[in-house]
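In what follows, a single structure is set out as structure tokens and then discussed.
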Amino acid sequence: MKVAIVGYGKMGKLIRREALGLGHEVVAVIDPVAQDPEVTDSHLDASTLNGCTVAIDFTHPSVVVDNIVLYARLGIPAVIGTTGWYDQVAQVREAIDEQSCSIIYSGNFSLGVALFFQVVKYASHLFGKSGLYDPFIQETHHAQKADSPSGTAVMLAQMVLDNTPDKTSIYSDTLHRRREEDEIHVASVRGGSVPGTHTVTFDSQDDTIELTHRARSREGFATGALKAASWITDGRKGFFTLDAMLEDVFLQRESVQ
Ligand SMILES: NC(=O)c1ccc[n+]([C@@H]2O[C@H](COP(=O)([O-])OP(=O)(O)OC[C@H]3O[C@@H](n4cnc5c(N)ncnc54)[C@H](O)[C@@H]3O)[C@@H](O)[C@H]2O)c1
């Protein structure tokens, strides 16, 4: 692939390294601020994309919507890793022609997390249907993390909620009271340099089932974004989430016994 990297921050740098390692060509690195010698331009347009076959965008919520519309209008396949714009998905859909664009987006391109989500959905469905298990979620991140709970923990809690008939709400602050029967509690710990650990627990009077995803680095996001780039450039037309790729690449081929 001829890759254009849009946004040369922490993720852009990882993606460039990984893309070159996989034998792809990096034809453009676009960033208005970064001073690195690899940056080829500060401005994103048809010419600075420099004949790329795919653009990989890890920029900022304030610019990503305009970027997506540009990729769609130019017919350039794009992988959108930038987060924080999902309240504008409907507006983006209106502005682009989904039949002719090739765009895939996700707030978490780690394939391990995406598969973990599928496991948690299915497990919640089973445990929720039984009516015997009380689910709760714990997450641990490094001491520098600015927010809590993590976005991933919120997504996990929502999946458990959607699949557990006895639960009606999520509570993610410190509890200074007894938890209500219909609440799912999410707890956060901050310390050390942990890249991110999420555990979903289903507990009954007789036993405990724990499902844990433990990230080792941010490189999993870059690997997933490059896999998504290969998938979207393989003749796909539309405005996809990562779930569509997973369904296509992994899940349809699996028959669970
Ligand atoms: N989807 C995922 O798997 C995943 C994983 C990690 C981070 N993210 C998201 O990706 C985004 C970037 O993360 P990061 O950690 O690399 O942040 P970062 O702050 O290190 O890098 C962002 C870069 O984008 C540049 N930028 C801003 N406006 C731009 C524009 N108009 N054109 C080109 N570049 C522009 C900035 O100058 C900066 O260098 C964030 O939204 C973050 O939440 C997503």
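Just so you know, numbering that gives the first Met the number 0 puts 47 at position 48 of the sequence shown, and the rest follows in order with no gaps.
Quick reminder that beta carbons are idealized off the backbone N, C-alpha and C, glycines included.
Helix, strand or coil, according to DSSP, for proline 134 in the structure here?
Within the sequence shown, the letter at position 135 stands for residue 134. Correct three-state label for proline 134: strand.
Bridge partner(s) assigned by DSSP for valine 209:
On the sequence shown, residue 209 is found 210 positions in, with the first residue counted as 1. In the sequence as presented, valine is not what sits at residue 209; that position holds glutamate. Its beta-bridge partners are Thr200.
Would you please verify whether the beta carbon of proline 76 is less than 7 angstroms from any beta carbon of chain D?
As a matter of chain content, chain D is missing from the structure shown, which is built from one protein chain.
If you drop the 5 nearest sequence neighbours on each side, which residues of the same chain put their C-beta closer than 6 angstroms to that of glycine 284?
This structure does not reach residue 284, given that the chain is present from 0 up to 256, and the question cannot be answered.
Enclosing alpha helix (DSSP H) for glycine 50 [first to last residue]:
The sequence position of residue 50 within the sequence shown is 51, counting from 1. Careful: glycine 50 lies outside any alpha helix (DSSP H) and carries neither H nor E.
Roughly how many angstroms lie between the CA atoms of arginine 213 and isoleucine 102, to the nearest whole one?
Taking the first residue of the sequence shown as position 1, residue 213 is located at position 214. Taking the first residue of the sequence shown as position 1, residue 102 is located at position 103. Approximately 28 angstroms between the Cα atoms of the pair.
Any idea what DSSP makes of serine 129, helix, strand or coil?
Your numbering for residue 129 matches position 130 in the sequence shown. Here serine 129 sits in helix by DSSP.
Does ligand 3 have a heavy atom nearer than 6 angstroms to the CB of phenylalanine 57?
The ligand content of the structure shown is limited to ligand 1, which means ligand 3 is not among them.
Kindly identify the DSSP beta-bridge partner or partners of serine 168.
On the sequence shown, position 169 is the one that residue 168 refers to. Serine 168 pairs with Glu182.
Just checking serine 149 against ligand 1 - is the residue's beta carbon closer than 6 angstroms to any of the ligand's heavy atoms?
By one-based count along the sequence shown, residue 149 stands at place 150. Checking every heavy atom of ligand 1 against the Cβ of serine 149, none is found closer than 6 angstroms.
Methionine 10 Cβ short of 6 angstroms to ligand 1 heavy atom set
Position 11 of the sequence shown, counting from 1, holds the residue named residue 10. Checking every heavy atom of ligand 1 against the Cβ of methionine 10, one is found closer than 6 angstroms.
From the DSSP output, which residues share a beta bridge with glycine 237?
Position 238 of the sequence shown, counted from the start, is the residue given in the question as residue 237. Its beta-bridge partners are Ser101.
Less than 6 angstroms separating the Cβ of glycine 6 from some heavy atom of ligand 1?
In the sequence shown, residue 6 corresponds to position 7, counting from 1. Yes - ligand 1 has a heavy atom lying nearer than 6 angstroms to the Cβ of glycine 6.
Given the structure, does leucine 43 come close to ligand 1, in the sense that its CB is under 6 angstroms from one of the ligand's heavy atoms?
Walking along the sequence shown from the start, residue 43 turns up at place 44. Leucine 43 Cβ: within cutoff of ligand 1.
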